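Have a look at the structure below, then the notes.
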Amino acid sequence: MLLTLTSALILATGVGAANANDKKTLAIVVKGLDNPFFEQINLGCQKWMSENKDSEYECLYTGPASSADEAGEVQIVDDLLTRGVAAIAISPSNAPAMANRIRQINPDVPVMTIDADFLEKDRDLRTTYLGTDNYLMGVKMAEEAMALKPSGGSVCLQLGNVAADNINARAAGFRDTIAGTKGIERLESTNGWTEIEGCPVFTNDQVDLANQQMADTFTANPDLDAFILIGGWAQFAPQAYAQVTDQVMHRLKSKDMILIAGDTLPPQTQAFRDGRSHAQVGQRPFEMGYRAPDVMIELINGKSVDDPLFTGLDVCNQSDPGFCADN
């Protein structure tokens, strides 16, 4: 049944059309179509298509319906490589599982990662990574936290999928920066910062779960000093996020508790302007989707491509709203 549903999804998202007009497929496979962050990658892919109508290639954006469907993403990649694509860019939800399948298939077309990378030990399986410097993203979050809370305090990190390399890299960047040294697995009275019991929490990329985790954490820890959304999950549901933050708005306004989040999609920049976060550290997913086809074509043509290819960050805070002021 999984194979049937996956195949139907692939056909619905463009492989059939690509075969019909004899264009070669440049596939972008994301963790889940339910995440608005990845829709920005799709918009970049579509812009490339609109500007390259005469190309022999076309950009295909696809992924499982749910970001929690790790097996579904692996199956989609398997199906695409079996059917035949010119190149593929993957944002692996479960990095070890995806790498294991790529190793088994051993495709003869270029494989790259986008948005999220393979674990370091598996990076020989892909030609390059296009996306955020995720460790640096965590560093920037820590810098914002330390500026807001110079003496430190109690903190809870909200992460995504346990096996997502990009999210784990951000957490490492945050902890290492707080500690002033690398390799810190948990903050325990580290330069004044301590991760509370029960944290980090893992959303498994589910927006509803992210908001519930926030609400539960705030209720159970009324004196919490900082909540760090390593990704933007909860903010992707503006109404639910507003309800959750309503219960602590008095603490957010006074900066008794600080809230820092990843990403700068429109509902998130609005939340920032409404005082529901103190800082946002944003990626550039549109740029990822727009650049990926050209990178894949260069790989197909045997050109040398830098590894990694970083797309930059946008930092918004109350002193300098920057990108978040009018986006």
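Numbered according to mature numbering (1 follows the signal peptide of the UniProt record, and there is no 0), the sequence shown spans residues -20 to -1, 1 to 307.
Heads up, the beta-carbon is just placed ideally off N, CA and C, and yes, glycines get one too.
Predicted model only: the values in this text are computed from it and were never measured.
Taking C-beta atoms as the reference points, residue 107 and residue 71 fail to come closer than 8 Å. Going by beta carbons, residue 266 and residue 26 fall outside the 8 Å limit. Apart from sequence neighbours up to five positions away, the residues of its chain that approach residue 229 with a beta-carbon distance below 8 Å are 255, 256, ordered along the chain. Residue nearest to residue 240 within the set 264, 98, 129 is 129 (criterion: CA-CA distance). Straight through space, the alpha carbons of residue 89 and residue 282 are spaced by roughly 11 Å. The three-state secondary structure of residue 167, taken from DSSP, is coil.
Considering only 269, 222, 302, 221, the residue with the shortest C-alpha distance to residue 261 is 302. Assigned with DSSP and collapsed to three states, residue 134 falls in strand. The three-state reading of DSSP puts residue 297 in strand, counting E and B together.
With contact defined as three or more Cβ pairs closer than 8 Å, the region 150 to 170 and the region 130 to 141 are in contact. In this structure the region 5 to 21 lies against the region 208 to 222, because at least three pairs of beta carbons, one per stretch, are closer than 8 Å.
When Cβ pairs closer than 8 Å are counted between the two stretches, the region 201 to 210 is seen to touch the region 110 to 128, the count reaching three or more.
When C-alpha distances from residue 238 are compared across 203, 264, 212, 189, the shortest belongs to 203. Residue environment analysis places residue 186 among the buried positions, since at least 16 neighbouring C-beta atoms fall within 10 angstroms of its C-beta. If you draw a 10 Å sphere on the C-beta of residue 271, you find 16 or more other C-beta atoms in it, and that means buried. Nearest to residue 181 by alpha-carbon distance, out of 192, 95, 172, 307, is 192. In the DSSP assignment, residue 9 falls within the unbroken beta strand (DSSP E) covering 4 to 9. With 16 or more other CB atoms across the displayed protein chains lying within 10 angstroms of its CB, residue 11 is buried.
Taken atom to atom, the span from the alpha-carbon of residue 299 to that of residue 225 is near 21 Å. Looking at 248, 154, 269, 58, the one whose alpha-carbon comes closest to that of residue 8 is 269. With fewer than 16 other beta carbons inside 10 angstroms of its own, residue 199 counts as exposed. Here residue 289 is bridged, per DSSP, to 110. The beta carbon of residue 147 sits closer than 7 Å to those of 139, 140, 141, 210, 211, all from its chain and outside the five residues before and after it, given in chain order. In terms of Cβ geometry, residue 166 and residue 177 do not form a close pair [threshold 8 Å]. For residue 82, the CB contacts under 7 Å within the same chain, skipping 5 residues up- and downstream, are 91, 105 in chain order.
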